[in-house]
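Going by numbering that gives the first Met the number 0, 78 is the number at position 79 of the sequence shown; the sequence numbering is gapless. Ideal Cβ placement from N, Cα and C applies to all residues, glycine included. These notes are about the structure you will find just below.
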Amino acid sequence: MIRLNKMELSDLSLSDYSVSSMTLSADNKTITLHADGATLFSINEMGDIFDSCDLIIESPNEIKISLYDHEEKKWMDNTVGDVLKDVCELLIDDDIFLRGFGLNTGMWMEIKILKPTDVTAILN
């Protein structure tokens, strides 16, 4: 088992793996995502492959989830609660963005976490 903090997430790739579960806390300030694998590039140049990854992100701000409607050509707030099928993009700066396709809608989905206070990835 390897634990990563926010600074180490830039070496993590989830793009080749499915998301098996994603939950958002009742106050929309904590997201927990379980991926069916992960690749970590900081250990060796080729990347080490893990069987699973649990990503837990907490923020003092409400986590925003949006879907892109290609027919309407606009972003929509996701109040229904679609979940990610995969994480094609993981962008880390002061904020964290998780982007991929929605499991139920198939639409491009963005999860925006502003100023996260606690970020942990657990690789097995």
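| query | Leaving out the 5 sequence neighbours to the left and right, which residues in its chain are closer than 8 Å to residue 94 when beta-carbon positions are compared? | reply | If you number the sequence shown from 1, residue 94 lands on position 95. Within the same chain, residue 94 has close Cβ partners 111, 112, 113, 114, 115.
| field | Buried/exposed call for residue 122, threshold 16 Cβ in 10 Å | value | Walking along the sequence shown from the start, residue 122 turns up at place 123. So residue 122 ends up on the buried side.
| Does DSSP put residue 5 in a helix, a strand or coil? | In the sequence shown, the residue the question calls residue 5 occupies position 6. Reduced to three states, the DSSP call for residue 5 is helix.
| Among the residues of its own chain, which have a CB less than 7 Å from the CB of residue 109, if the five just before and after it don't count? | Taking the first residue of the sequence shown as 1, we reach residue 109 at position 110. Apart from the 5 residues on each side of it in sequence, residue 109 sits with its Cβ closer than 7 Å to the Cβ of 65, 96, 98 in its chain, given in chain order.
| Is the number of C-beta pairs between the stretch 27 to 46 and the stretch 68 to 76 that are closer than 8 Å three or more? | no
| With distances taken between CB atoms, is the gap from residue 3 to residue 18 smaller than 8 Å? | As a first step, residue 3 must be located in the sequence shown, where it is residue number 4. As a first step, residue 18 must be located in the sequence shown, where it is residue number 19. No Cβ-Cβ contact shorter than 8 Å links residue 3 with residue 18.
| request: With a threshold of 16 other CB atoms inside 10 Å of the CB of residue 25, please say whether the residue is buried or exposed. | output: Looking up residue 25 in the sequence shown gives position 26. Residue environment for residue 25: exposed (fewer than 16 other C-beta atoms within 10 angstroms of its C-beta).
| request: Over the uninterrupted beta strand (DSSP E) stretch that includes residue 96, give me the two end residues. | output: By one-based count along the sequence shown, residue 96 stands at place 97. Unbroken beta strand (DSSP E) run through residue 96: 95 to 100.
| query | Does the beta-carbon distance from residue 9 to residue 34 come in below 8 Å? | reply | By 1-based counting over the sequence shown, the position of residue 9 is 10. By 1-based counting over the sequence shown, the position of residue 34 is 35. The answer is no: Cβ separation not under 8 Å.
| query | Which two residues bound the contiguous beta strand (DSSP E) that contains residue 110? | reply | Working through the sequence shown from its first residue, we reach residue 110 at position 111. That run of the beta strand (DSSP E) goes 107 to 112.
| task | Tell me where the beta strand (DSSP E) around residue 118 begins and ends. | result | Here residue 118 refers to the residue found at position 119 when the sequence shown is read from its first residue. From DSSP, the beta strand (DSSP E) with residue 118 extends over 117 to 122.
| Hey, quick one: how far does the beta strand (DSSP E) through residue 49 stretch, first residue to last? | Numbered from 1 along the sequence shown, position 50 holds the residue referred to as residue 49. Residue 49 -> beta strand (DSSP E) spans 47 to 49.
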